[in-house]
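Here is the structure we will look at, set down as structure tokens.
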Amino acid sequence: MEWLSFEGVDWLAVAIAFGVSFAFGWWYYSPAGVWKVWKRAAKVTDADMEGASMGVAFGGTIVANALGVILLSVLMVRLDAATWPDGLVLGAMLGLVYRAGAHAIHNGFAMRSPVVTALDGLHDVVALGLAGALLGLF
Amino acid sequence: MGWFDLGEVRWIAVAVATLAAFVVTFLWYHPRGLGTVWARHAAVDLDAVRTAVVPRVMAVVVFAVTAAVMCVLQAELLVVSVGGGLLFGASVGLLLRLLWSALHGAQEARPAPLTLIDAVHDVVVLALIGAVVGAFL
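First to last, the protein sequences are chains U and C. When the first sequence is numbered by this note's numbering, its final residue is 144 and no position is left out of the sequence of numbers. When the second sequence is numbered by this note's numbering, its final residue is 181 and no position is left out of the sequence of numbers.
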């Protein structure tokens, strides 16, 4: 686990990248973003949403986003991916392979709409790519 | 982009890791594994899943691309042992998949067992891919 070292991590950059990534997700899944299309494709009803634990969802978003950005930062330092294009490509690649890939497999077997996979996957690729680019700027 | 070198990819490792991940996934979601519970919570007809070709092809492609990326990352990070690869894969799975699966599950009010089955599967598969890649690097 020698790769898992926080030496060289710029915590200010992590905080900014987390904030921007989080804000992007907030907008993306809002009515101004893709919310209506996503909701229809995911067949999620208002009654379902009332049953959702928004506390867990909100807290989980913060924790998952923050840990994802920290991991990305650690990898960028260890890989010497020190420019914004490096960060953009690494973040987008991690989002595509590790997150969008999981959506494709699980949603595929669960016979869910490909639109859900595309929207969730696009969010994850952009969110991590954006975070990587910002980390690279620092 | 000095960190991204496709020359680091060991294609035999990609093939073995893809096969291993597919077998584990098959057993994981088999009716004698967690398939029956998963299908009930996902509200999916297991017979329809059994005959679905596209998700299987998609799984193979995703596993192969994941293994190739793991080769590049692990070679650059000097994660070149079975144990190291296992821990690397599990860490990435935990931070980039399990947490996010839990998040999406909570947001969509999906049944917790469904989220748990999918998320733990991802961690196990990524740990396995990391271990196989580590063995070949």
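Note that the Cβ used here is the ideal one computed from N, Cα and C, for glycine as well. Predicted model only: the values in this text are computed from it and were never measured.
| Query | Result |
| --- | --- |
| Relative to the alpha-carbon of L170 of chain C, which residue among C:V136, C:V123, C:A83, C:A86 has its alpha-carbon at the smallest distance? | C:V136 |
| In this structure, does DSSP put M45 of chain C in helix, strand or coil? | coil |
| Using the three-state DSSP reduction, which class does A108 of chain C fall into: helix, strand or coil? | helix |
| Could you compute how far the alpha carbon of I76 of chain U sits from the alpha carbon of A48 of chain U? | 30 Å |
| Quick one: which chain U residues come within Cβ less than 9 Å of L121 of chain C? | E8, W9, L81, R84, L85 |
| Within the continuous alpha helix (DSSP H) that includes G79 of chain C, where are the two ends? | 79-86 |
| For a cutoff of 8 Å on Cβ pairs, would you count D52 of chain U as touching chain C? | no |
| Are F12 of chain U and V80 of chain U touching if we call contact CB-CB under 8 Å? | yes |
| List the endpoints of the continuous alpha helix (DSSP H) containing T123 of chain U. | 120-143 |
| Please determine, among C:E152, C:L160, C:L63, the residue with the shortest C-alpha to C-alpha distance to M55 of chain U. | C:E152 |
| So if I threshold CB-CB distances at 8 Å, which residues from the region 138-158 of chain C count as touching chain U? | L139, L140, R141, L143, W144, S145, A146, L147, H148, A150, Q151, E152, A153 |
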